[in-house]
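K.L.:
Below are the structure tokens for one structure; questions will follow.
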Amino acid sequence: MPTNNLDEMCGITPEIKEKLVKASITMPLLLSTATVEQLMEAGVTEVQAQELIDNARTLSEIRYLSPSEFADRFFSMSKVSTGSQALDDILGAGIETMTLTEFFGPSASGKSQICMQLSINAQLPEEKGGLASKVLYIDTEGSFNPTRIEELAKSRDVPPQDSLRNIFYVKVSTLSDLFDKVNKAKEFLSRGSRLLIIDNIINPFHNKHERYGMHETQLHIQRLLGKLLTYADELNVAVVFTNRVYSMPDSLMGEDLRPFGGLVLEKAVHKKVLIRRHQEGVYRASLYIDPPRQAFFKIDSKGVGDL
Numbered sequence: 151m152p153t154n155n156l157d158e159m160c161g162i163t164p165e166i167k168e169k170l171v172k173a174s175i176t177m178p179l180l181l182s183t184a185t186v187e188q189l190m191e192a193g194v195t196e197v198q199a200q201e202l203i204d205n206a207r208t209l210s211e212i213r214y215l216s217p218s219e220f221a222d223r224f225f226s227m228s229k230v231s232t233g234s235q236a237l238d239d240i241l242g243a244g245i246e247t248m249t250l251t252e253f254f255g256p257s258a259s260g261k262s263q264i265c266m267q268l269s270i271n272a273q274l275p276e277e278k279g280g281l282a283s284k285v286l287y288i289d290t291e292g293s294f295n296p297t298r299i300e301e302l303a304k305s306r307d308v309p310p311q312d313s314l315r316n317i318f319y320v321k322v323s324t325l326s327d328l329f330d331k332v333n334k335a336k337e338f339l340s341r342g343s344r345l346l347i348i349d350n351i352i353n354p355f356h357n358k359h360e361r362y363g364m365h366e367t368q369l370h371i372q373r374l375l376g377k378l379l380t381y382a383d384e385l386n387v388a389v390v391f392t393n394r395v396y397s398m399p400d401s402l403m404g405e406d407l408r409p410f411g412g413l414v415l416e417k418a419v420h421k422k423v424l425i426r427r428h429q430e431g432v433y434r435a436s437l438y439i440d441p442p443r444q445a446f447f448k449i450d451s452k453g454v455g456d457l
């Protein structure tokens with residue numbers, strides 16, 4: 151089993167650990183995704199940096215794929231449409247399986263609406279932008295609305311009652327409850343559910359009955375994301391979750407909103423999308439890549455769509 155402790159790694163002296171921690175590299179998972187240049191900037195020699203990264207990747211069970219393995223994975227991936235061609239385009243033709251996709255943004259920015267729309271679209275046949283599958287929906291904020299689900303289903307010609315039966319819904323509030331439901335998710339995902347939604351992933355960490363320090367929070371997030379990455383990879387499912395934001399200037403995006411979760415979340419997520427309300431009924435999506443990509447879409451009574 152992968153370790154969460156830098157001290158258990160070969161080659162980590164107290165001096166090197168101090169340098170890594172100052173660079174916000176506090177666990178092997180973060181070290182395994184770092185570059186030699188980043189470690190050298192932290193004060194580690196080039197030889198030490200390469201050795202540390204190799205050791206961390208071994209401990210974190212990261213391996214490289216052969217060209218044929220990569221090709222097999224690529225052609226086995228499926229995609230589900232968000233309902234907006236413009237939003238699909240910046241995501242690479244939709245939400246991909248084998249991928250963790252994060253939608254983050256302020257309150258009332260459309261994150262839950264996107265999740266509910268995806269829970270309908272995933273039920274559609276593949277030729278209509280779906281996965282022809284059931285959906286597992288973990289709700290931590292109480293944003294799931296059965297009436298809205300029925301409304302969205304009608305707009306996609308999906309029988310409303312069937313749409314609800316095809317969504318395995320569970321409400322959680324505490325972190326321990328979230329871990330329990332995520333651990334049990336494999337049963338549903340192994341039986342034909344190809345989309346796992348968590349709306350909102352960070353909310354249980356802010357539960358007033360469960361308080362965690364920064365380091366403990368990062369460890370819990372690493373455990374949670376490790377499980378989600380395993381599901382996405384081994385079961386060929388799409389994992390979508392929403393997140394809250396806090397303010398911080400960003401030189402790349404020119405935005406002042408960042409998702410909660412720290413470096414662990416940032417390194418583990420494949421696609422990060424900032425959602426903001428642009429004007430009444432119109433929303434802006436910004437995909438965090440370099441250079442950034444943006445799309446405008448609408449959300450109305452019929453759901454997510456193009457302007």
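Counting in this note's numbering, the final residue of the sequence shown is number 457, and the numbers go up one at a time with none missing.
Beta carbons are placed, not taken as given, at the ideal position from N, Cα and C, and that holds for glycine.
Note that the structure is predicted; figures quoted are calculated from it, not measured.
Applying the 10 Å Cβ sphere with the 16-neighbour rule, what's the burial state of Y396?
P.N.:
For the purposes of this step, residue 396 is taken as residue 246 along the sequence shown, with counting starting at 1. That one is exposed.
K.L.:
Under the DSSP definition of a beta bridge, which residues are partnered with Y396?
P.N.:
Looking up residue 396 in the sequence shown gives position 246. According to DSSP, Y396 bridges with R408.
K.L.:
Check the C-beta distance from I245 over to V390 and give it rounded, since I have them as a contact under 8 Å.
P.N.:
By 1-based counting over the sequence shown, the position of residue 245 is 95. By 1-based counting over the sequence shown, the position of residue 390 is 240. Rounded, the Cβ-Cβ distance is 6 Å, consistent with contact.
K.L.:
Rounded to the nearest angstrom, what separates K278 and N316 at their Cα positions?
P.N.:
If you number the sequence shown from 1, residue 278 lands on position 128. If you number the sequence shown from 1, residue 316 lands on position 166. Roughly 17 Å separates the two Cα atoms.
K.L.:
Can you name, in chain order, every residue of its own chain whose Cβ lies under 6 Å from the Cβ of G342, other than the five neighbours on each side?
P.N.:
Along the sequence shown, read from residue 1 onward, the residue named residue 342 stands at position 192. Only S283 and K284 meet the Cβ criterion.
K.L.:
Using the beta-carbon count (16 or more within 10 Å), is E252 buried or exposed?
P.N.:
Residue 252 sits at position 102 when you count from the first residue of the sequence shown. Under this definition E252 is a buried residue.
K.L.:
Round the Cβ separation of T232 and I270 to the nearest angstrom and send it over; I've been treating them as touching at under 8 Å.
P.N.:
Looking up residue 232 in the sequence shown gives position 82. Looking up residue 270 in the sequence shown gives position 120. Wrong, their Cβ atoms sit about 11 Å apart, outside the cutoff.
K.L.:
F338 and L286 look like a contact to me (Cβ under 8 Å); what is the Cβ gap, rounded to whole Å?
P.N.:
Indexing the sequence shown from 1 puts residue 338 at position 188. Indexing the sequence shown from 1 puts residue 286 at position 136. Between L286 and F338 the Cβ distance is about 5 Å, and since that is below 8 Å, they are a contact.
K.L.:
What residue range does the alpha helix (DSSP H) around Y319 cover?
P.N.:
Walking along the sequence shown from the start, residue 319 turns up at place 169. No alpha helix (DSSP H) contains Y319, which is instead part of the beta strand (DSSP E) from I317 to K321.
K.L.:
Pick helix, strand or coil for K304, following the three-state DSSP scheme.
P.N.:
Numbered from 1 along the sequence shown, position 154 holds the residue referred to as residue 304. It is helical.
K.L.:
Tell me whether the beta-carbon of A236 lies closer than 7 Å to the beta-carbon of D450.
P.N.:
Residue 236 sits at position 86 when you count from the first residue of the sequence shown. Residue 450 sits at position 300 when you count from the first residue of the sequence shown. In this structure, the beta-carbon distance from A236 to D450 does not fall below 7 Å.
K.L.:
Taking just the CA atoms, how far does R394 sit from M151?
P.N.:
Position 1 of the sequence shown, counted from the start, is the residue given in the question as residue 151. Position 244 of the sequence shown, counted from the start, is the residue given in the question as residue 394. Unreliable positioning characterises M151 in this predicted model, as indicated by a pLDDT of 45, which lies under 50. The coordinate reading is nonetheless provided below. Answer to the nearest angstrom: the Cα atoms are 30 Å apart.
K.L.:
So, for L437: in the same chain, excluding its five sequence neighbours on each side, which residues have a beta-carbon less than 6 Å away from its beta-carbon?
P.N.:
Counting from 1 along the sequence shown, the entry for residue 437 is found at position 287. Cβ within range, chain order: I240, V423 and R443.
K.L.:
Of the choices S257, L413 and A435, whose alpha-carbon is the least far from that of A184?
P.N.:
For the purposes of this step, residue 184 is taken as the residue at position 34 of the sequence shown. Looking at the Cα atoms, L413 is the closest of the given residues.
K.L.:
I'd like to know whether the C-beta atoms of S218 and D349 end up nearer to each other than 7 Å.
P.N.:
Here the question's residue 218 lines up with position 68 in the sequence shown. Here the question's residue 349 lines up with position 199 in the sequence shown. Going by C-beta atoms, S218 is not nearer than 7 Å to D349.
K.L.:
I'd like to know whether the C-beta atoms of P441 and F254 end up nearer to each other than 7 Å.
P.N.:
Taking the first residue of the sequence shown as 1, we reach residue 441 at position 291. Taking the first residue of the sequence shown as 1, we reach residue 254 at position 104. No.
K.L.:
Along the beta strand (DSSP E) that carries Y438, what are the first and last residues, could you check?
P.N.:
Position 288 of the sequence shown, counting from 1, holds the residue named residue 438. That residue, Y438, is in no beta strand (DSSP E); it is neither H nor E in DSSP.
K.L.:
Please report the residue range of the alpha helix (DSSP H) in which K284 lies.
P.N.:
What you label residue 284 is simply residue 134 of the sequence shown in a count that begins at 1. Taken as a continuous stretch (DSSP letters only), K284 belongs to no alpha helix (DSSP H), being part of the beta strand (DSSP E) at K284 to D289.
K.L.:
What residues in its chain sit with their C-beta under 8 Å from that of I166, if we drop five residues either side in the sequence?
P.N.:
Counted from its first residue, the sequence shown places residue 166 at position 16. Contacts found: V194, Q198 and L202.
K.L.:
Would S313 and A303 qualify as a contact pair, given that the criterion is a beta-carbon distance under 7 Å?
P.N.:
Along the sequence shown, read from residue 1 onward, the residue named residue 313 stands at position 163. Along the sequence shown, read from residue 1 onward, the residue named residue 303 stands at position 153. In contact: S313 and A303 (Cβ atoms closer than 7 Å).
K.L.:
Rounded to whole angstroms, what is the Cα-Cα separation between P296 and A272?
P.N.:
Here residue 296 is taken as the residue at index 146 of the sequence shown, counted from 1. Here residue 272 is taken as the residue at index 122 of the sequence shown, counted from 1. Distance between P296 and A272, taken at the CA atoms: about 16 Å.
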